[in-house]
Amino acid sequence: MGHTFHIPVLGLGFTIDTPLKVARYGISSVLSIVDDMLIERIRKFHTEKEGEVFVPIGPGEPDSRARRITAYLNFVNRKVNQQFDELRLQPFEEGSDITRYFDLLPDSSSLKQRYMVMLSVNDPGLKKKMEAELRGDMEKGAVDVNIMSKVDKMNYTAKGDVLGEEFSDALAGLRGFANSDLNSSVILSAGMNPRLYSYLENFKDFYPDEKGRLRKRIVLKVSDFRSAFIQAKFLAKKGLWVSEFRIESGLNCGGHAFATDGYLLGPILEEFKSKRPEMIADVFSLYQSALAAKELVVDEAPKMRITVQGGIGTAEEQNFLMNYYELDSTGWGSPFLLVPEATNVDDETLESLIHSDSSDFYISGSSPLGIPFNNYRKSTAELQRIERIEKGRPGSPCKKKFLVSNTEFTQEPICTASREYQNLKLKQLDELNLPADEYKVRFDTITEKLCLCEGLCTSAYIKNDILERKESKAVAICPGPNLAYFSRVFSLDEMVKHIYGKLNLLQGVSRPSVFVNELKLYLDYLKKDITVHIKNLDAKKLKQLEKFKEQLLIGIEYYKKLISHINNHTEQYLKKLLDDLLEIEAQIKQIVIGTFAEA
9 MGHTFHIPVL
19 GLGFTIDTPL
29 KVARYGISSV
39 LSIVDDMLIE
49 RIRKFHTEKE
59 GEVFVPIGPG
69 EPDSRARRIT
79 AYLNFVNRKV
89 NQQFDELRLQ
99 PFEEGSDITR
109 YFDLLPDSSS
119 LKQRYMVMLS
129 VNDPGLKKKM
139 EAELRGDMEK
149 GAVDVNIMSK
159 VDKMNYTAKG
169 DVLGEEFSDA
179 LAGLRGFANS
189 DLNSSVILSA
199 GMNPRLYSYL
209 ENFKDFYPDE
219 KGRLRKRIVL
229 KVSDFRSAFI
239 QAKFLAKKGL
249 WVSEFRIESG
259 LNCGGHAFAT
269 DGYLLGPILE
279 EFKSKRPEMI
289 ADVFSLYQSA
299 LAAKELVVDE
309 APKMRITVQG
319 GIGTAEEQNF
329 LMNYYELDST
339 GWGSPFLLVP
349 EATNVDDETL
359 ESLIHSDSSD
369 FYISGSSPLG
379 IPFNNYRKST
389 AELQRIERIE
399 KGRPGSPCKK
409 KFLVSNTEFT
419 QEPICTASRE
429 YQNLKLKQLD
439 ELNLPADEYK
449 VRFDTITEKL
459 CLCEGLCTSA
469 YIKNDILERK
479 ESKAVAICPG
489 PNLAYFSRVF
499 SLDEMVKHIY
509 GKLNLLQGVS
519 RPSVFVNELK
529 LYLDYLKKDI
539 TVHIKNLDAK
549 KLKQLEKFKE
559 QLLIGIEYYK
569 KLISHINNHT
579 EQYLKKLLDD
589 LLEIEAQIKQ
599 IVIGTFAEA
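The sequence shown begins at 9 in the working numbering and counts up by one.
Rendered as structure tokens:
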């Protein structure tokens with residue numbers, strides 16, 4: 009066993025080259041392959057930094073998007089392998105990277121335990137033999153990639169003709185990964201895209217080799233058991249195995265937020281834990297039959313990992329989640345934004361983040377995708393958005409067009425964060441002659457949209473000094489609310505030691521349980537949802553809100569019973585957890601949805 013955490017994808021640019029920084033130490037991370045323009049520029053930067061000749065792939069070249077992604081992933085794979093091979097040859101002495109590799113491992117790792125034994129051996133011959141065995145058993149961290157399944161616009165030729173389906177953003181991105189040299193995973197997030205899922209069938213690396221091994225694996229980021237099971241069966245019928253379900257808190261996470269209907273993290277994990285054997289058996293039966301039809305034979309189910317991420321903040325939470333829910337790993341995302349060794353956060357944004365508090369992080373309507381989005385009030389992109397409104401020029405120039413989706417005013421889709429769309433929408437709003445208060449609500453909703461294509465890349469450009477002269481310096485960043493509890497810059501060693509309980513970076517910080525933090529976010533979400541719909545509350549929406557409220561109360565009852573199983577926290581912590589649950593429960597019970605506005 010190696011590390012029991014991974015670094016999830018963070019925006020577009022924040023983890024774009026994280027594997028080059030941490031994979032040699034056995035730490036797995038995820039980079040986004042949404043933006044091939046960003047990828048091409050980062051490839052150029054690192055290629056030239058290594059003293060190599062950069063051969064560009066122009067946007068007008070055939071299949072340029074997929075080829076850019078393949079070229080970058082092959083570069084990263086080659087460099088990580090080179091770094092790792094060099095590390096393994098280093099002497100076991102203080103200050104060497106190989107010593108750092110083993111120091112960073114958790115004490116629970118069998119490799120770490122063998123390393124500690126080796127250090128105590130005095131016999132030179134035996135010590136050398138043990139060192140050789142350790143070097144042979146070391147593993148580098150995975151270089152995984154993320155595709156937002158539904159960010160999948162169609163693309164056009166220079167003449168304006170629609171290219172084939174295989175050239176859509178998501179399918180071309182997948183092809184870029186599938187054609188790469190990587191032996192790793194693609195994380196599919198943001199829901200099911202049948203066209204993308206079906207396209208996986210075209211690549212042999214997603215099928216088992218003669219020894220039953222998968223060179224490329226499929227990971228689904230999910231927020232409930234039912235949808236996970238449906239997606240796994242859909243893929244299994246095509247002979248495709250889901251190697252991991254990456255369970256993410258619906259609201260207590262960074263980036264886009266996918267709220268469940270009040271289903272909380274604890275009960276969701278409990279369902280995965282209890283139904284995991286049944287799910288594996290059912291999915292394997294479909295998988296085996298589908299492979300037989302393709303003349304492939306598998307005798308036993310491949311491993312199916314279950315991991316969780318979203319708002320984990322302490323070693324005690326890490327250990328409890330891993331042990332009680334029988335998980336394979338956890339994801340630690342937002343705290344790594346404060347680790348310059350691992351992620352791309354420019355100095356100005358970094359300084360701002362370390363002086364932020366909980367009120368600076370909020371779930372917004374900023375995303376052009378129309379999905380709730382974790383935003384940061386003090387980001388320079390948010391300040392720029394407000395400044396543009398004050399100058400009478402709301403909206404952003406739309407250069408990359410990754411998030412174009414709206415055809416309300418145009419034949420070809422445009423982005424709701426664009427200046428073009430917002431101008432058209434505001435003209436339409438002016439013609440309605442609405443009361444001032446209603447006008448302001450609608451105005452704010454229209455102009456709240458933020459350009460994420462540019463803003464989520466800018467920090468990587470600034471940090472690596474590759475921002476071009478006419479480009480905006482406005483940085484968009486989307487941390488989870490958990491970041492509010494971390495208040496300084498940390499080294500990689502410090503953060504890893506914090507995760508494993510060897511160091512407490514939150515000493516003296518008052519922080520509720522990960523479960524309570526998520527519950528508070530869901531309560532706020534419910535209140536806001538009621539307020540938005542209260543004037544036009546039909547029977548269907550009323551039923552959905554009542555179900556949401558009921559699920560929150562069911563979740564609280566679950567947590568009350570769970571307290572007796574939490575054996576790695578202090579009595580004071582457990583008492584505070586119960587008090588918090590009872591307080592939130594009382595608030596939820598007081599909500600009468602039909603009369604919420606008056607209450």
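Idealized CB from N, CA, C, for every residue including glycine. Given the structure is predicted, the values throughout are model-derived calculations rather than measurements.
Let's see if you can read the secondary structure: which residues bound the beta strand (DSSP E) around residue i?
i, result
"Phe175", "Looking at the DSSP string, Phe175 is not in any beta strand (DSSP E), and its letter there is neither H nor E."
"Gln317", "Arg313 to Gln317"
"Gly339", "Ser337 to Gly339"
"Glu252", "Val250 to Glu256"
"Ser375", "Careful: Ser375 lies outside any beta strand (DSSP E) and carries neither H nor E."
"Glu381", "Residue identity differs from the one stated: residue 381 is Phe in this sequence, not Glu. From DSSP, the beta strand (DSSP E) with Phe381 extends over Phe381 to Tyr384."
"Ile422", "Ile422 -> no beta strand (DSSP E), and no H or E assigned at all."
"Ile15", "Phe13 to Ile15"
Is it buried or exposed, residue i, if we count other Cβ atoms within 10 angstroms and call 16 or more buried?
i, result
"Asp445", "exposed"
"Glu286", "exposed"
"Leu127", "exposed"
"Met156", "buried"
"Val347", "buried"
"Met330", "buried"
"Ile596", "buried"
"Met124", "exposed"
"Phe417", "exposed"
"Ser518", "exposed"
"Lys136", "exposed"
"Ser572", "exposed"
"Gln317", "buried"
"Thr388", "buried"
"Val170", "exposed"
"Asn154", "buried"
"Lys212", "exposed"
"Ser337", "buried"
Please report the straight-line C-alpha distance between residue i and residue j, rounded to a whole angstrom.
i, j, result
"Gly262", "Asn383", "8 angstroms"
"Tyr508", "Pro114", "6 angstroms"
"Tyr493", "Leu513", "9 angstroms"
"Glu439", "Glu428", "17 angstroms"
"Leu46", "Pro405", "17 angstroms"
"Phe410", "Lys161", "7 angstroms"
"Ser366", "Pro489", "7 angstroms"
"Asn89", "Arg32", "8 angstroms"
"Pro376", "Phe344", "26 angstroms"
"Leu361", "Cys486", "11 angstroms"
"Val42", "Thr78", "13 angstroms"
"Thr12", "Lys568", "27 angstroms"
"Asp177", "Tyr164", "11 angstroms"
"Phe556", "Thr539", "14 angstroms"
"Asp152", "Ile288", "23 angstroms"
"Asp232", "Leu259", "13 angstroms"
"Leu531", "Ile599", "10 angstroms"
"Ile394", "Leu434", "16 angstroms"
"Tyr581", "Ile562", "22 angstroms"
"Tyr7", "Leu491", "Any property of residue 7 remains undetermined from this structure, which presents the chain solely from 9 to 607."
"Gly247", "Ser235", "19 angstroms"
"Arg183", "Ala74", "6 angstroms"
"Arg450", "Gly602", "23 angstroms"
Taking the alpha helix (DSSP H) that residue i belongs to, which residues open and close that run?
i, result
"Val600", "Run containing Val600: none; DSSP gives neither H nor E here."
"Gly463", "Leu460 to Lys471"
"Phe523", "Val522 to His541"
"Val84", "Ser72 to Arg96"
"Asn575", "Unbroken run through Asn575: none, as it is neither H nor E."
"Phe556", "Ala547 to Leu570"
Please confirm if residue i has its CB atom under 8 angstroms from at least one CB of chain D.
i, result
"Gly509", "Included in the structure is just one protein chain, with no chain D present."
Regarding residue i and the ligand ZN, is the C-beta to nearest heavy atom distance less than 7 angstroms?
i, result
"Gln598", "In the structure on display, the ligand ZN does not appear, and there are no ligands present to speak of."
Next on the checklist: Does the stretch 224-242 come into contact with the stretch 184-202, if we say contact requires no fewer than three beta-carbon pairs (one atom in each stretch) closer than 8 angstroms?
Outcome noted: yes
Checklist entry - Using 8 angstroms as the Cβ pair cut-off and three pairs as the minimum, do the stretch 519-528 and the stretch 312-325 touch? => result yes
Next on the checklist: As an exercise, report each continuous beta strand (DSSP E) stretch of at least 3 residues that is fully enclosed by the stretch 153-239, in chain order.
Outcome noted: 193-197 and 225-230
Checklist entry - Is the number of C-beta pairs between the stretch 453-473 and the stretch 346-361 that are closer than 8 angstroms three or more? => result At 8 angstroms Cβ cutoff, the stretches touch.
Next on the checklist: Within 8 angstroms, do at least three Cβ pairs link the stretch 544-564 to the stretch 576-586?
Outcome noted: By the Cβ criterion, the stretch 576-586 is not in contact with the stretch 544-564, since fewer than three pairs of Cβ atoms, one from each stretch, lie closer than 8 angstroms.
Checklist entry - Is the stretch 49-62 close to the stretch 294-304, with three or more CB pairs under 8 angstroms? => result no
Checklist entry - When the Cβ atoms of the stretch 96-103 are set against those of the stretch 60-72, are three or more pairs found closer than 8 angstroms? => result no
Item to check | Those runs of the alpha helix (DSSP H) which lie wholly inside the stretch 318-373 and span at least 4 residues | outcome: 323-332 and 355-362
Next on the checklist: In chain order, what are the residue ranges of uninterrupted alpha helix (DSSP H) at least 4 long that sit wholly in the stretch 475-524?
Outcome noted: Counting only runs of 4 or more, we get 500-507.
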